[in-house]
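To start, the structure under review is shown below, and the notes come after it.
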Amino acid sequence: FQISFPSPCTVREALTLYYDIQGPVKQALLKHLIPYVTDAEQLAWLNNVLHKDNRAVLKALSEEHGKNLVDLLTNELSSCKIPLSDILHIVPFIQPRYYTISSSSSVHPDNVHVTISITEFEFKNGKNFTGLTSGYVTSDCINARVFVRPSSFRLPAQLSTPIVMIGPGTGLAPMRALLQERKFQQAAQKPATAPKNVLFFGCKHRNVDYIYRDELEAYQKEGVLTSYYTAFSRDTKNKVYVQNLMTQPDTAKELLSLLIDQGAYVYVCGATAMGTDVMAAFVKIFQEQNNMSAAQATAFVKELQDKGRYVQELWTA
Ligand SMILES: Cc1cc2nc3c(=O)[nH]c(=O)nc-3n(C[C@H](O)[C@H](O)[C@H](O)COP(=O)(O)OP(=O)(O)OC[C@H]3O[C@@H](n4cnc5c(N)ncnc54)[C@H](O)[C@@H]3O)c2cc1C
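Residue 124 in my numbering sits at position 128 of the sequence shown, and the numbers go up by one each step.
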């Protein structure tokens, strides 16, 4: 048995910092508890939850009721007398969460910015949920181990190569870093023609969750952002998202010219579903504006990906 955290440490430290006792309960973990449940009724409840015909009950336990191991051991399975050493064998470790760096190291050489959306919602039974990491970073006392891994987002070698950024919500994080870097490069290289930086940003409400509004509007005024498209999905009667803006006729023509004639690089960041819709929007643009078949348009996007000209960083909320 190998432990992958600083040891020795107190039981409190192990259970708060390293073991995921608050995550959604999984079938495998519940099965391990069976031998330790001493109350007959509770054991029957557990066996019932684990019965192969009751998958929906198990799913609802975490997805609808937000039950974690601590909840179960203090309520439904309070008779479970499991020794600490056994708990440590069956509970998974807390997994790292990834956050995209949202600052340029040229502009901020001594620190790193991140842009974190706090995961908060209510389960069907009214229980409030706050994400483990996004909730933790807003607490007063932060003591977290941080790792850095290389980004897949690389700017084109030439400042003259246009970039198209699609980053709604916290998907804006890497775009903010790219914009800082492009502005820095522009100031250093002083090119005769301003480099093209195109951004699609979206959020629910202009006046509620429009992050970095001042910075983005300043970039637009300064001409760092040469084209800037915004979608505030809940401010309009019909929900409009970034992918809907892309396929508007004039915008589609602009995107086609940037990608086909000017060798633009595309960066997409944010929710997985958005990434799928954005790719479908590009396929549609190539079909409708460039007379490609669906297969040709899809192959073209794939080719861009292979060449590192279409890069995505997507996650499931
Ligand atoms: C490559 C990459 C880059 C990313 N970049 C960013 C970024 O720049 N900014 C950003 O804000 N996010 C980013 N993310 C997402 C981020 O890593 C986290 O997933 C997000 O912050 C949620 O983590 P959390 O610990 O706050 O929530 P968690 O505690 O992990 O909860 C996440 C979800 O798990 C479920 N869950 C957890 N516990 C329970 C339970 N007991 N019962 C039922 N359901 C449960 C819920 O559905 C909840 O919504 C990125 C992800 C990836 C993969």
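Glycine included, every Cβ here is placed at the ideal spot set by N, Cα and C.
Counting of Cβ neighbours within 10 angstroms places residue 42 among the buried residues, the total reaching 16 or more.
In the same chain as residue 169, and ignoring 5 residues on each side of it, the C-beta atoms closer than 6 angstroms to its own belong to 96, 98 and 111, in chain order. Following the DSSP letters along the chain, one finds residue 282 inside the alpha helix (DSSP H) bounded by residues 268 to 286.
For residue 57 against residue 23, the beta-carbon gap comes to about 10 angstroms, at or over 8 angstroms, which does not count as contact. Boundaries for residue 72: no alpha helix (DSSP H) harbours it, and the DSSP string shows neither H nor E there. Under a 10 Å Cβ-count criterion, residue 176 is classified as buried, with 16 or more other Cβ atoms of the shown protein chains found around its own Cβ. The C-beta of residue 138 has fewer than 16 other C-beta atoms within 10 Å across all chains shown, which makes the residue exposed.
Annotation for residue 181: 155 place their beta carbon closer than 7 angstroms to its own, counting only its chain and skipping 5 residues before and after. Using a Cβ distance threshold of 8 angstroms, residue 29 and residue 73 count as a contacting pair.
Counted as a single uninterrupted DSSP element, the beta strand (DSSP E) harbouring residue 309 occupies residues 306 to 311. Setting aside the 5 residues that flank it on each side, residue 15 is surrounded in the same chain by 87, each with a C-beta closer than 6 angstroms to its C-beta; the list follows chain order. Contact between the segment 195 to 211 and the segment 149 to 164 is established, with three or more Cβ pairs separated by less than 8 angstroms. If you draw a straight line from the Cα of residue 294 to the Cα of residue 268, it comes to about 18 angstroms. With a threshold of 16 other beta carbon atoms within 10 Å, residue 83 meets it and is buried. Annotation for residue 122 indicates a beta carbon at 7 angstroms or more from all heavy atoms of ligand 1. Using a 10 angstroms sphere on the CB of residue 281, the tally of other CB atoms reaches 16 or more, which defines it as buried. Distance between residue 216 and residue 225, taken at the CA atoms: about 10 angstroms. Fewer than three beta-carbon pairs drawn from the segment 234 to 251 and the segment 112 to 131 are found closer than 8 angstroms, and the two stretches are therefore not classed as touching.
With distances taken between CA atoms, residue 67 lies nearest to 20 out of 20, 129 and 288.
Taking a cut-off of 8 angstroms on C-beta distances, the segment 284 to 304 does not touch the segment 181 to 192, as fewer than three cross pairs fall below it.
A straight line joining the alpha-carbon of residue 2 with that of residue 131 spans about 23 angstroms. Taking 8 angstroms as the cut-off, the beta carbon of residue 247 is found closer than this to the beta carbon of residue 241. The beta carbon of residue 34 is closer than 7 angstroms to those of 75 and 77 in its chain, skipping five residues each way along the sequence.
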